[in-house]
Amino acid sequence: MAFRRSYSLCLPIGLLSLVTINIILLATSATTVATNVRLSFVRKQSKTLPVFREAPVFRNGDECTNDPVHVAMTLDSNYLRGTMAAVLSILQHSFCPENVFFHFLWTRYDEDIYTSIKTTFPYLRFKIYKFDSKKVRGKISKSIRHALDQPLNYARVYLADILPMNVSRVIYLDSDIVMVDDVEKLWRVNLEGKVLAAPEYCKANFKRYFTNDFWMNPTLSRTFTGRNPCYFNTGVMVVDVQKWREIGYSYKVEEWMAVQKQKRIYHLGSLPPFLLVFAGIIKGIDHRWNQHGLGGDNIQGRCRSLHPGPISLLHWSGKGKPWLRLDSRKPCTVDHLWAPYDLYRSLKHTLEE
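Heads up: the sequence shown is residues 1 to 353, going by UniProt numbering.
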């Protein structure tokens, strides 16, 4: 059965959670029938990767054009379960799911990951690119969390260098998100000439993202002169990659990474150099597009509740990931909003089949 969604779930959270869970459970439990011939991939269980159920087929609405929506994400075995859930949520809530083209980045070819994607989403439009970790070798400084130090965490810096030249705009998404609205709404935000769009959080204490040494240095502290810098999360961004290429923003971010190696001016992986380059000059968009921080803090990952207001995207940024907390049987309340999108086929499901 092919599924099509003509309405998004952009609702207050109480209603959102109930409706989302009911709809997704129906969709993911339905039988998928292929309507045209496709290549058959043998599902071979990996020794290290989880096995996933095949997702339903999602078809375009009658009013859809052929205009592509480009989405970039990274691929990593530790976060693959999150990636699968994110992809399902994007397709599930898109009015034109066949227009969504995924650009995946990984550090090395992994046949098991490739096979997992093809068998889980047989009709998915995607391409995988190798991110050369040598680009950041010697440039990464140790942060407060090991996961933030991985080379793939810096791949977003080089999107404009990796993606084909005919891709002029892309939505970058982390693997620990769930989309509950039509991705095309995010795709069509007006950048107003800016290179990057993301929700801004101007009430956050911006100074805490940098060390005292940074703020006490008279040269470095003048970085934000003439700007009104606000925190934004780099896990959800709309990027004008063409303008990024023209101005050479990858090099500008690298320059701050080099300063960090010498002076230790921040603690949090790839986020601070983005703030140093872009804070105060991005296009701020509605907070509904990044309900972030659901993974808790970066040290202990304590449970957090949702912020008030409508939600289009849920983001488990922070240490705690929903699939790990659910498996440990110690989930946070918000993790139950992620669970309906989980395509993981546990041993119990395998035996039942």
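Glycine residues also receive a C-beta, built at the ideal position from the N, C-alpha and C atoms.
Here the structure is a predicted model, which means the values were calculated and not measured.
CA-to-CA, the gap between Arg345 and Ala258 works out to about 43 Å. A direct Cα-Cα distance of roughly 6 Å separates Trp316 from His292.
Rounded to whole angstroms, Cys202 and Ser270 show a C-alpha spacing of 20 Å. At least 8 Å separates the beta-carbon of Ile282 from that of Met179. Measuring C-alpha to C-alpha distances from Val69 to each of Trp106, Trp244, Leu124, Tyr266 identifies Leu124 as the nearest. Across the structure, Val71 and Val241 are spaced so that their CA atoms are roughly 12 Å apart. Val189 is not a Cβ neighbour of Trp244, given a cutoff of 8 Å. With three or more CB-CB distances shorter than 8 Å, the stretch 128-140 counts as touching the stretch 91-109. The Cβ neighbour count for Ile299, taken over all protein chains shown within 10 Å, is under 16; the residue is labelled exposed.
Membership of Leu159 in the alpha helix (DSSP H) is indicated by the continuous run 159-162.
The same chain holds no residue with a CB closer than 7 Å to that of Asn212 once the five nearest residues on each side in sequence are set aside.
Taken atom to atom, the span from the alpha-carbon of Phe121 to that of Pro218 is near 53 Å. Taking the Cα of Phe210 as reference, the smallest distance to any Cα among Lys263, Arg169, Glu192, Asn153 is reached at Lys263. Assigned with DSSP and collapsed to three states, Val241 falls in helix. Within the DSSP secondary-structure output, Tyr114 pairs in no beta bridge. Apart from sequence neighbours up to five positions away, the residues of its chain that approach Arg227 with a beta-carbon distance below 8 Å are Ala279, Gly280, Ile281, ordered along the chain. Ala204 sits exposed, since fewer than 16 C-beta atoms from the chains shown fall within 10 Å of its C-beta. Just so you know, the alpha carbons of Gly193 and Phe224 end up roughly 20 Å apart.
Non-local beta-carbon contacts of Cys96 in its own chain, meaning distances under 7 Å to residues more than five positions away in sequence, involve Asn60, Gly61, Cys64, Glu184 in chain order. When the Cα atoms are used, Leu294 and Lys135 turn out to be separated by approximately 31 Å. In the DSSP assignment, Leu105 is bridged to Thr74, Tyr129.
Within the model, the alpha-carbon separation for Arg169 versus Phe206 is close to 28 Å. Scanning the stretch 153-210 from its first residue to its last, the whole alpha helix (DSSP H) runs of 4-plus residues come out as 159-162, 183-187. Straight across, the Cα-Cα distance linking Pro272 with Phe52 is about 35 Å.
Sorting Pro331, Trp323, Ser141, Val239 by C-alpha distance to the C-alpha of Leu159 places Val239 at the top. Around the beta carbon of Gly82, 16 or more other beta carbons sit within 10 angstroms, so the residue counts as buried. By the neighbour-count criterion, in which a residue is buried when 16 or more other Cβ atoms sit within 10 angstroms of its Cβ, Asp286 is exposed. If you keep only unbroken beta strand (DSSP E) runs of at least 3 residues inside the stretch 247-297, you get 283-285. Ala197 and Arg288 have their C-alpha atoms some 13 Å from each other. Each residue's CA atom was taken as its position, placing Ile177 and Phe102 some 15 Å apart.
Membership of His336 in any beta strand (DSSP E) is not indicated; the residue belongs instead to the alpha helix (DSSP H) covering 335-338.
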